[in-house]
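Residue numbering for the sequence shown follows full-length UniProt numbering, starting at 1 and increasing by one per position.
Note that CB positions come from ideal geometry on N, CA and C, so glycine has one too.
No experiment lies behind these values; they were computed from the predicted model shown.
These notes are about the structure you will find just below.
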Amino acid sequence: MDEAQQYHIQNTYTGSRMFYNGDRQELGCYNKRYYDDQLWKLKREMDSDYYEIFREIKGRKMYLAYDGKKLFMSNNVGSNQLWKFIPARGEFYRILNKTSGAKLYHSERGGGEFGAFVGDDYDDQIWHIIPIKCV
């Protein structure tokens, strides 16, 4: 994956894309209109299979992190902000946190629950990493 490229990270189960709105400090998934807050960058950790998943907001990088209980955004880099893309099928992946081993998921439970889960594999943990073509 190209570090200069921007991506949509779309859940194949719900069709929703991950977003982070820096003004509202809101992290989640959305499946209607496309907005800039759904654009993510990926940076591979040197000599590793793990990536930082981040957004650049007002000149500052905000990283997707998981503390073992909840997902959040942070401007500090740590091992809880490193993610591995595990092939699930074709061009689709499960996204695994380095520190906890939890996999990102988005389900339709509770109005669209977005989180990370340690345990068995489920369909709501499969993501499509879609490169955005700039025109």
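(message) Using a Cβ distance threshold of 8 Å, determine whether the stretch 85-96 contacts the stretch 69-76, with at least three qualifying pairs required.
(response) no
(request) List the DSSP bridge partners of Ile129. (result) Ile9
(request) Report the option in Asp120, Phe19 and Glu52 whose CA atom is closest to the CA atom of Lys32. (result) Residue Phe19 holds the alpha-carbon nearest to the alpha-carbon of Lys32 among Asp120, Phe19 and Glu52.
(message) To the nearest angstrom, how far is the alpha carbon of Tyr105 from that of Phe117?
(response) 7 Å
(request) Give the straight-line distance between the Cα atoms of Met21 and Ile9, rounded to the nearest whole angstrom. (result) The sequence given here has Asn at residue 21, not Met. When rounded, the distance between both Cα atoms is 15 Å.
(request) Using only alpha-carbon positions, find the residue among Glu108, Ile132, Ser48 and Leu39 that is nearest to Tyr63. (result) Leu39
(request) Could you check the C-alpha separation between Asp67 and Asn75 for me, to the nearest Å? (result) 14 Å
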